[in-house]
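Sequential numbering from 304 applies to the sequence shown in my numbering.
Only one structure is covered here, and it is reproduced in the block below.
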Amino acid sequence: MVGFNQDLPGTDHFVMPATQHDAVVWISGASLEVVFDEARAALRALRSVAIVAEETVGWPYRRNRDLTGFEDGSENPTLIEAPGVALVPTPRAGAGGSILLLQKWRHFAARWEALPSSSQERVIGRTKPDSVELAPQPVDSHVARTDQDKFGKIFRRNVPYGTVTDHGTIFVGFCSSQRPFQRMLESMVGGDGGPPDALMRYTRPLTGAYYFVPSLDALRSLGPANEGERR
Ligand code: HEM
Numbered sequence: 304m305v306g307f308n309q310d311l312p313g314t315d316h317f318v319m320p321a322t323q324h325d326a327v328v329w330i331s332g333a334s335l336e337v338v339f340d341e342a343r344a345a346l347r348a349l350r351s352v353a354i355v356a357e358e359t360v361g362w363p364y365r366r367n368r369d370l371t372g373f374e375d376g377s378e379n380p381t382l383i384e385a386p387g388v389a390l391v392p393t394p395r396a397g398a399g400g401s402i403l404l405l406q407k408w409r410h411f412a413a414r415w416e417a418l419p420s421s422s423q424e425r426v427i428g429r430t431k432p433d434s435v436e437l438a439p440q441p442v443d444s445h446v447a448r449t450d451q452d453k454f455g456k457i458f459r460r461n462v463p464y465g466t467v468t469d470h471g472t473i474f475v476g477f478c479s480s481q482r483p484f485q486r487m488l489e490s491m492v493g494g495d496g497g498p499p500d501a502l503m504r505y506t507r508p509l510t511g512a513y514y515f516v517p518s519l520d521a522l523r524s525l526g527p528a529n530e531g532e533r534r
């Protein structure tokens, strides 16, 4: 696995920026006050070895929709299939862990909201109310440009972030290999000779980084000895 160390250039001077950092801490919880306290505790615990390069607060939106208003994750593998897609298999190095692509995308909300639903559907490649795949599929739709039958399967969980006037999507993708992500990103920017992803007329990435997420067993083995014994 390699970091997102170089900007990924696309057509029309468009660039996916590389903003690789050393590590990421993801804290998730139903209540912001719990997340806040845990995040402060994590900062204190890591104080001697790390400083914060970037932080983003995410929040859920209309159950499983992203801020385009479309259902997100429709083509995700089921939870039964997900480990086979997302986890590095034994005996490969890092078995049980996962490769994470984290990319923060700003939405141009006014431009997006000015589109009628039918045009938004052609950009995504699915219907808005019930997420049915369009047939025929526009060649530059987001679904066409990230087609998992072509590039390989990944497991996604997008998270909205931001304020009323400045917001977007944190793309969170997990995979057992880095290759599908790289191929999808190249396809989205039009780097494979195809049209750029239509979604990029309405959103732009601000960050891009890959991280290795160790398995729970691997994490546990790094903790204090008595942590393991208590389980
Ligand atoms: C602003 C950023 C993004 C938004 C708002 C977004 C939103 C969506 C939506 C609404 C769908 C259709 C429903 C679904 O199957 O989940 C979708 C599909 C998908 N997206 Fe994204 N996405 C974003 C970025 C990305 C990125 C960066 C990647 C890959 C690196 C990606 C990979 C995929 C894949 C693999 C699918 C399913 C394609 C298929 O049908 O096989 N998305 N996305």
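Note that beta-carbon positions come from the ideal geometry of N, C-alpha and C, so glycine has one too.
Cutoff 8 Å; reference T327; Cβ partners in own chain excluding five residues on either side: Start at 1 with the first residue of the sequence shown, and residue 327 comes out as number 24. This sequence places Val at residue 327; Thr is not what is there. Around V327: L403, L405, A512 and Y514.
Given 8 Å, three or more beta-carbon pairs between the region 363-382 and the region 417-434: Touching, per the Cβ criterion.
Contact test: V506 Cβ vs the ligand HEM heavy atom, cutoff 7 Å: Taking the first residue of the sequence shown as 1, we reach residue 506 at position 203. Correcting the residue identity first, residue 506 is Thr in this sequence and not Val. Yes, the ligand HEM has a heavy atom inside 7 Å of this Cβ.
Rounded separation between P441 and P380 - CA only: Numbered from 1 along the sequence shown, position 138 holds the residue referred to as residue 441. Numbered from 1 along the sequence shown, position 77 holds the residue referred to as residue 380. P441 and P380: Cα-Cα distance of roughly 23 Å.
Q485 vs M304 beta-carbon contact at 8 Å: Your numbering for residue 485 matches position 182 in the sequence shown. Your numbering for residue 304 matches position 1 in the sequence shown. Taking C-beta atoms as the reference points, Q485 and M304 fail to come closer than 8 Å.
G476 Cβ short of 7 Å to the ligand HEM heavy atom set: As a first step, residue 476 must be located in the sequence shown, where it is residue number 173. At least one heavy atom of the ligand HEM is nearer than 7 Å to the Cβ of G476, so yes.
The ligand HEM heavy atom lying under 7 Å from the CB of R366: The residue labelled residue 366 in the question sits at position 63 within the sequence shown. R366: no, Cβ never under 7 Å from the ligand HEM.
Exposure of Q423, with buried meaning 16 or more beta-carbon neighbours within 10 Å: Counting from one through the sequence shown, the residue named residue 423 turns up at place 120. Buried is the call here.
Through-space distance from G313 to E336, alpha-carbon basis: One-based indexing of the sequence shown puts residue 336 at position 33. One-based indexing of the sequence shown puts residue 313 at position 10. Computed Cα separation, rounded: 40 Å.
Secondary structure of V535, DSSP reduced to three states: Since the displayed the chain opens at 304 and closes at 534, residue 535 lies outside it and no answer follows.
Contacting residues, own chain, Cβ-Cβ under 6 Å from G455 (five flanking each side not counted): Residue numbering aside, residue 455 sits at position 152 when the sequence shown is read from its first letter. These residues qualify, in order along the chain: P483.
Where F411 sits in the DSSP three-state scheme: Numbered from 1 along the sequence shown, position 108 holds the residue referred to as residue 411. F411 falls in the coil class under three-state DSSP.
Segment contact, 8 Å Cβ cut-off, at least three pairs: the region 385-404 with the region 468-482: Because the criterion of three Cβ pairs below 8 Å is met, the region 385-404 and the region 468-482 touch.
Distance cut-off 7 Å: L488 Cβ against heavy atoms of the ligand HEM: Taking the first residue of the sequence shown as position 1, residue 488 is located at position 185. When distances are taken from the beta-carbon of L488 to the heavy atoms of the ligand HEM, the shortest one is below 7 Å.
Alpha helix (DSSP H) segment containing H445, residue limits: Translated into positions along the sequence shown, residue 445 becomes position 142. H445 -> alpha helix (DSSP H) spans H445 to R448.
CB contact flag (F317, V492, <8 Å): The sequence position of residue 317 within the sequence shown is 14, counting from 1. The sequence position of residue 492 within the sequence shown is 189, counting from 1. F317 places its beta carbon less than 8 Å from that of V492.
Local Cβ density within 10 Å of G465, reported as buried at 16 or more and exposed below that: What you label residue 465 is simply residue 162 of the sequence shown in a count that begins at 1. Buried.
First and last residue of the uninterrupted beta strand (DSSP E) at R507: On the sequence shown, residue 507 is found 204 positions in, with the first residue counted as 1. For R507, the uninterrupted beta strand (DSSP E) run begins and ends at T506 to P508, by DSSP.
Minimum C-alpha distance to R365 - residue among N461, P419 and D310: Here residue 365 refers to the residue found at position 62 of the sequence shown. Selection N461, P419 and D310 evaluated against R365 yields N461 as nearest (Cα-Cα).
CB contact flag (T249, M487, <8 Å): There is simply no residue 249 to check, as the chain begins at 304 and stops at 534 in what is shown.
Close Cβ partners of E489 (< 6 Å) along its chain, the five nearest in sequence each way excluded: For the purposes of this step, residue 489 is taken as residue 186 along the sequence shown, with counting starting at 1. Result list for E489: D495, in chain order.
A344 to V391 span [Cα, whole Å]: Taking the first residue of the sequence shown as position 1, residue 344 is located at position 41. Taking the first residue of the sequence shown as position 1, residue 391 is located at position 88. Distance between the alpha carbons of A344 and V391: 30 Å.
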